[in-house]
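Notes for the one structure printed next.
2 protein chains.
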Amino acid sequence: MRNIRMKIAYDGTRYNGFQTQPGGNTIQDIIESAIETLTGTRTRIIGSGRTDARVHAEGQVFNFHTDSRIAVERWALALNSRLPEDIRVVESAAEVPDAFHSRFSAKRKTYRYSICTGKFHDVFRRNFEFHHPSPKLDVAAMREALRHLQGEHDFTSFTTNHADEKSHVRTIYSAVLKEEEKRLELYLTGNGFLYNMVRIIAGTLIHVGQGKIAPAAIPGMLQGRNRLLAGPTAVAHGLTLINVEYGDAEK
Amino acid sequence: MRNIRMKIAYDGTRYNGFQTQPGGNTIQDIIESAIETLTGTRTRIIGSGRTDARVHAEGQVFNFHTDSRIAVERWALALNSRLPEDIRVVESAAEVPDAFHSRFSAKRKTYRYSICTGKFHDVFRRNFEFHHPSPKLDVAAMREALRHLQGEHDFTSFTTNHADEKSHVRTIYSAVLKEEEKRLELYLTGNGFLYNMVRIIAGTLIHVGQGKIAPAAIPGMLQGRNRLLAGPTAVAHGLTLINVEYGDAEK
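Quick mapping for you: the protein sequence lines, in order, are chains H and S.
full-length UniProt numbering applies: residue 1 is where the first sequence begins, and numbers increase by one.
full-length UniProt numbering applies: residue 1 is where the second sequence begins, and numbers increase by one.
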């Protein structure tokens with residue numbers, strides 16, 4: 001069996017998230033159906049991680065094992081011609097070692113959380129950013145809060161679902177808040193993110209920006225290991241999975 | 001009667017264009033209905049010009065005459081709360097002199113035509129740009145062609161509908177082709193544009209970029225005053241009305 005790795009982008013607006021679930025209509029379902037029409041065989045794909053309903057991706061990665069002899073350089077176009085236009089393979093496929101696993105082999109992930117701070121929402125990005133017209137967010141305070149979140153921490157207070165994770169310790173390598181005239185973009189890069197972790201960090205930062213939470217309160221939130229200590233979970237549609245990185249050998 | 005001027009943005013994807021027409025589902029219809037629910041009176045709005053089905057606007061302008069006493073600073077939020085999220089008032093309303101007419105008073109308009117030149121289309125902009133993955137477009141040739149289009153010309157060869165225009169002479173003040181890694185953006189600013197003029201210029205430029213039309217052929221196209229001489233009409237969804245400018249007194 002060959003192990004094929006692909007990178008996709010999707011506008012998650014009309015899907016029930018990445019991962020197959022009883023309600024159907026997921027990115028995974030759509031891709032597995034496209035692969036089936038191409039190869040004639042139902043094939044399970046392995047994503048780098050799930051994304052929730054209405055969450056987007058610029059660079060989600062998945063892999064799958066197949067007997068198909070289709071050349072790697074043909075996969076992207078062949079699959080794209082079978083996918084709806086809000087899901088797109090965005091790089092040539094690669095044949096990877098058998099041990100490569102999109103989730104377990106991932107070394108770093110980057111997410112973006114976008115906030116439109118203009119008085120009126122942007123019609124062209126309305127499904128891709130949270131609209132927060134007022135009050136004006138205190139960006140300096142938000143950046144100070146971010147500094148407390150960088151590094152290795154137990155992020156129990158910043159996740160909502162503990163069931164399937166042995167450890168809540170994760171490392172955030174980079175946490176940057178970019179400011180434009182009518183937009184704030186939070187970029188987080190880490191070795192992994194717990195369920196809802198980016199959205200809870202974004203929601204907490206928004207409360208910091210509103211003056212409801214002091215930046216100095218962040219260390220206590222981390223130490224308390226209790227979801228009730230952190231801010232709200234920011235709405236899903238502002239979140240985009242930007243990139244997943246693997247070790248050089250698997251790249 | 002007061003004369004109220006407003007600026008709106010819209011994602012034109014699901015509408016049959018700006019202007020009211022028998023098939024309904026136009027931006028104008030939606031706005032007039034919103035104004036009616038606000039004031040209780042059916043009110044005809046005057047747009048700066050029509051935009052076709054699937055064409056977008058960042059800065060379309062309209063005005064209307066009303067007896068309503070609603071304060072100008074309340075109009076934008078009041079109307080936005082009654083509009084679908086793909087149509088948005090993006091500036092505070094202004095009360096303008098009775099003689100102000102969004103179409104006749106317009107001095108300059110700017111349109112953008114966007115072309116995605118990446119191998120795969122961008123899922124987030126798929127409704128806002130034309131996808132042209134190959135062959136690679138010759139940007140230098142396209143810019144040379146644009147220089148021939150700048151200035152005052154009879155644009156008969158670059159319009160498809162002559163019925164309601166007395167003159168086909170228009171002036172293009174500025175014609176700029178911006179190049180990004182996977183995107184070309186054509187910005188045209190002029191004192192007015194004939195029906196389909198920007199899309200025919202874009203389609204002609206794409207043929208120039210493909211080497212099908214020489215830049216030096218543009219002057220002959222203009223002089224020939226015949227639609228058959230120019231290139232094809234580029235697809236509607238790549239077009240966005242960016243801005244409409246008025247004289248200082250009416251601004």
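Where is the CB? At the ideal position from N, CA and C, for every residue including glycine.
Quick caveat: nothing in here was measured; it's all calculated off a predicted structure.
Hey, how far is the Cα of residue i from the Cα of residue j?
i, j, result
"S/His170", "S/Lys109", "According to the sequence displayed, residue 170 of chain S carries Arg and not His. One C-alpha to the other measures close to 12 Å."
"S/Thr66", "S/Asp154", "38 Å"
"H/Ala99", "H/Thr43", "17 Å"
"H/Phe64", "H/Leu77", "17 Å"
"H/Ile46", "H/Arg125", "29 Å"
"H/Leu241", "S/Asn25", "35 Å"
"S/Val208", "H/Arg14", "38 Å"
"S/Ala249", "S/Arg54", "Any reading at S/Ala249 must be qualified, since the residue scores a pLDDT of 49, below 50, and its modelled position is unreliable; no value is offered."
"S/Tyr195", "S/Ala106", "16 Å"
"S/Phe128", "H/Thr39", "33 Å"
"H/Leu149", "S/Leu184", "39 Å"
"S/Arg225", "H/Asn80", "42 Å"
"H/Glu73", "H/Tyr10", "21 Å"
"S/His122", "H/Glu181", "Reading off the sequence, residue 122 of chain S comes out as Asp, not His. Roughly 24 Å separates the two Cα atoms."
"S/Ala93", "S/Gly247", "17 Å"
"S/Arg2", "S/Ile35", "14 Å"
"S/Thr159", "S/Ala234", "12 Å"
"H/Lys119", "S/Gly238", "26 Å"
"S/Val90", "H/Phe62", "40 Å"
"H/Ile136", "H/Thr117", "The sequence shown places Lys at residue 136 of chain H, not Ile. The alpha-carbon atoms of H/Lys136 and H/Thr117 are separated by roughly 8 Å."
"H/Ser167", "H/Glu152", "12 Å"
"H/Val96", "H/Ile115", "37 Å"
"S/Ala236", "S/Glu32", "24 Å"
"residue 257 of chain H", "H/Gln19", "This structure gives no information on residue 257 of chain H, because the portion of chain H shown stretches from 1 to 251."
"S/Leu146", "H/Pro133", "40 Å"
"residue 277 of chain H", "S/Val198", "Nothing can be reported for residue 277 of chain H, as the shown portion of chain H is limited to 1 through 251."
"H/Thr70", "H/Arg5", "Looking at the sequence itself, residue 70 of chain H is Ile, so the reference to Thr does not match. Straight-line Cα distance between these residues: approximately 13 Å."
"S/Asp138", "S/Arg227", "24 Å"
"H/Ile201", "S/Phe130", "36 Å"
"S/Ala141", "S/Leu229", "18 Å"
"S/Phe193", "H/Ile27", "42 Å"
"H/Leu83", "S/Ser68", "50 Å"
"H/Glu58", "H/Asp29", "18 Å"
"S/Arg88", "H/Gln223", "44 Å"
"S/Trp75", "S/Lys212", "50 Å"
"H/Ile206", "S/Ser48", "39 Å"
"S/Phe104", "S/Ala175", "23 Å"
"S/Pro22", "S/Thr41", "21 Å"
"H/Tyr173", "S/Gly12", "40 Å"
"S/Thr144", "H/Leu177", "Rather than Thr, the amino acid found at residue 144 of chain S in this sequence is Glu. Near 41 Å, if we compare the C-alpha coordinates of H/Leu177 and S/Glu144."
"H/His56", "H/Glu85", "14 Å"
"H/Asn161", "H/Thr204", "17 Å"
May I ask which residues mark the beginning and end of the beta strand (DSSP E) holding residue i?
i, result
"S/Ile115", "106-116"
Q | chain H contacts from the stretch 8-30 of chain S (Cβ-Cβ distance under 7 Å) | A | Hits within the stretch, in order: Ala9, Tyr10, Asp11.
Q: Pull out every residue of the stretch 125-138 of chain H whose Cβ sits closer than 7 Å to any Cβ of chain S, in chain order.
A: If the cut-off is 7 Å between Cβ atoms, the stretch 125-138 of chain H has Arg126, Phe128 near chain S.
Q) Going along the chain, which unbroken runs of the beta strand (DSSP E) with 3 or more residues stay wholly within the UniProt domain "Pseudouridine synthase I TruA alpha/beta" (9-104) of chain S? A) Complete beta strand (DSSP E) runs here, min 3: 56-66, 87-89, 94-96.
Q.
Threshold first: 3 residues or longer. Then list the beta strand (DSSP E) segments lying entirely within the UniProt domain "Pseudouridine synthase I TruA alpha/beta" (145-246) of chain H, N to C.
A. Within the UniProt domain "Pseudouridine synthase I TruA alpha/beta" (145-246) of chain H, the complete beta strand (DSSP E) segments at least 3 residues long are 151-154, 169-180, 183-190, 239-246, listed from N- to C-terminus.
Q. Mind listing which residues of the stretch 80-91 of chain S have their C-beta closer than 9 Å to chain H's C-betas, in chain order?
A. Under the 9 Å Cβ criterion, the stretch 80-91 of chain S contributes Asn80, Glu85, Asp86, Ile87, Arg88, Val89, Val90, Glu91.
Q | Proximal residues, the stretch 37-66 of chain H versus chain S, C-beta separation under 7 Å | A | For the stretch 37-66 of chain H, the set of residues with a beta-carbon nearer than 7 Å to any beta-carbon of chain S is empty.
Q: Report yes or no: do the stretch 183-195 of chain S and the stretch 210-218 of chain S share at least 3 C-beta pairs separated by less than 8 Å?
A: As far as the Cβ criterion goes, the stretch 183-195 of chain S does not touch the stretch 210-218 of chain S, which means the pair count is below three.
Q: Below 7 Å between beta carbons is the criterion; list the residues of the stretch 112-125 of chain S that meet it against any residue of chain H, in chain order.
A: The residues in question are Phe120, His121, Val123, Phe124.
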